[in-house]
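Working notes, beginning with the structure itself.
Protein chains: 2
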Amino acid sequence: MNSEALKGHLDLLVLSVLADGPLHGYALIDELRSRSGEVFDLAEGTVYPVLHRLELAGSLKSEWTVVAGRRRRSYRLTRSGGARLQQQREMWNTFSSTVNSVLRSRPWPTTP
Amino acid sequence: MNSEALKGHLDLLVLSVLADGPLHGYALIDELRSRSGEVFDLAEGTVYPVLHRLELAGSLKSEWTVVAGRRRRSYRLTRSGGARLQQQREMWNTFSSTVNSVLRSRPWPTTP
DNA sequence: CTTTACACCTAGCATCACTAGGCGTAGCAT
DNA sequence: ATGCTACGCCTAGTGATGCTAGGTGTAAAG
Numbered sequence: 001m002n003s004e005a006l007k008g009h010l011d012l013l014v015l016s017v018l019a020d021g022p023l024h025g026y027a028l029i030d031e032l033r034s035r036s037g038e039v040f041d042l043a044e045g046t047v048y049p050v051l052h053r054l055e056l057a058g059s060l061k062s063e064w065t066v067v068a069g070r071r072r073r074s075y076r077l078t079r080s081g082g083a084r085l086q087q088q089r090e091m092w093n094t095f096s097s098t099v100n101s102v103l104r105s106r107p108w109p110t111t112p
Numbered sequence: 113m114n115s116e117a118l119k120g121h122l123d124l125l126v127l128s129v130l131a132d133g134p135l136h137g138y139a140l141i142d143e144l145r146s147r148s149g150e151v152f153d154l155a156e157g158t159v160y161p162v163l164h165r166l167e168l169a170g171s172l173k174s175e176w177t178v179v180a181g182r183r184r185r186s187y188r189l190t191r192s193g194g195a196r197l198q199q200q201r202e203m204w205n206t207f208s209s210t211v212n213s214v215l216r217s218r219p220w221p222t223t224p
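Residue numbers (my numbering), protein chains in the order written: chain G, 1 to 112; chain U, 113 to 224.
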């Protein structure tokens, strides 16, 4: 999988997973990997900055917890994050169907 | 349409359009706009560097012509460009279906 | 003679995923 | 005791790439 392919779509994936319940970063990575059938295996250095950016933008809210002597930062979707997710979903649908229509279009009218 | 959304997918679109016949840059922009239903309305400064890059990579071959006193640089797909297109198509299919599967997945088994 | 469409170009910018390192705890094997 | 691995967090810097903003020039329309 090309590394640039995710550009502009990673927020959607993160918001989408967190819409099903709060997770901490490490668990989010696991979840993304498993939900994608091992296709999206993201580095921590990829995911943490996204979470920080989304929280700064008000889409997420984080909370520190300690489990078994290990600190975790758990992220949950805010109301505005939900709206953002909805908007991102629509963008994805438009984008992907538009790409598909370009890929399928031919220079001549579709063969009768 | 988010500006980052195209990242990593623009080559696919360009190669795909040129697979249906050679075009010069300006005409390619028109063709992309019309095939996408006006969604992809790309700036010249976006497209020309892509064409140069793809030619440098051996995916395209260009040829100068003059039509009605105006110089044009016409691009056609090379054999290796065709292979590249095929590979990019597969990447797109994997990518888009994987995103969709993440979007559709739920933390609990799909409701019966 | 000015504006618009055609047709090309590039330097620099901004964004964002990724690399490559760093810090610290817990549990297991040696 | 001492590594090693998994867990769990972080950030500075790099690289790729689409976009902005500007430039050049011809032809047709007003």
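Every residue, glycine too, gets a C-beta built ideally from N, C-alpha and C.
No experiment lies behind these values; they were computed from the predicted model shown.
Its chain contains L60 as the residues whose beta carbon lies nearer than 6 angstroms to that of L54 (chain G), once the 5 sequence neighbours on both sides are disregarded; these appear in chain order. Of all residues in the region 116 to 127 of chain U, those with a C-beta nearer than 9 angstroms to a C-beta of chain G are E116, A117, L118, K119, G120, H121, L124 and L125, reading in chain order. For T177 (chain U), the uninterrupted beta strand (DSSP E) run begins and ends at L172 to V179, by DSSP. For L189 (chain U), the enclosing beta strand (DSSP E) starts and ends at R182 to L189.
For V47 (chain G), the CB contacts under 7 angstroms within the same chain, skipping 5 residues up- and downstream, are G25, L28 and I29 in chain order.
For H52 (chain G), the enclosing alpha helix (DSSP H) stretches over residues E44 to L56. When the five nearest sequence neighbours on each side are left out, the beta carbons in the same chain lying within less than 7 angstroms of the beta carbon of P134 (chain U) are those of S186, Y187 and R188, in order along the chain. For the pair L122 (chain U) and L15 (chain G), the Cα-to-Cα distance works out to about 25 angstroms. In the three-state DSSP reduction, L10 (chain G) falls in the helix class (H, G or I). Exclusion of the five residues before and after E90 (chain G) leaves no residue of its chain whose Cβ lies closer than 7 angstroms to its Cβ. With respect to the C-alpha of T78 (chain G), the residue from G:A57, G:G8 and G:R35 having the closest C-alpha is G:A57.
For S208 (chain U), the closest Cβ of chain G is nearer than 8 angstroms. Take the alpha-carbon of V151 (chain U) and the one of G181 (chain U): they are about 31 angstroms apart.
Between E116 (chain U) and G82 (chain G), the C-beta spacing is not below 8 angstroms.
By alpha-carbon distance to D153 (chain U), the top candidate from U:W176, U:L118 and U:R183 is U:L118. In the same chain as N93 (chain G), and ignoring 5 residues on each side of it, no C-beta atom comes closer than 7 angstroms to its own. Annotation: the continuous alpha helix (DSSP H) that includes E31 (chain G) extends over G25 to R35. Interface residue (Cβ-Cβ distance to chain U less than 8 angstroms): L60 (chain G) is not classified as such.
With respect to chain G, the C-beta atom of G149 (chain U) has a partner C-beta closer than 8 angstroms. Between P49 (chain G) and L12 (chain G), the alpha-carbon positions lie close to 14 angstroms from each other. Burial check for R147 (chain U): the Cβ neighbour count within 10 Å reaches 16 or more, so the residue is buried.
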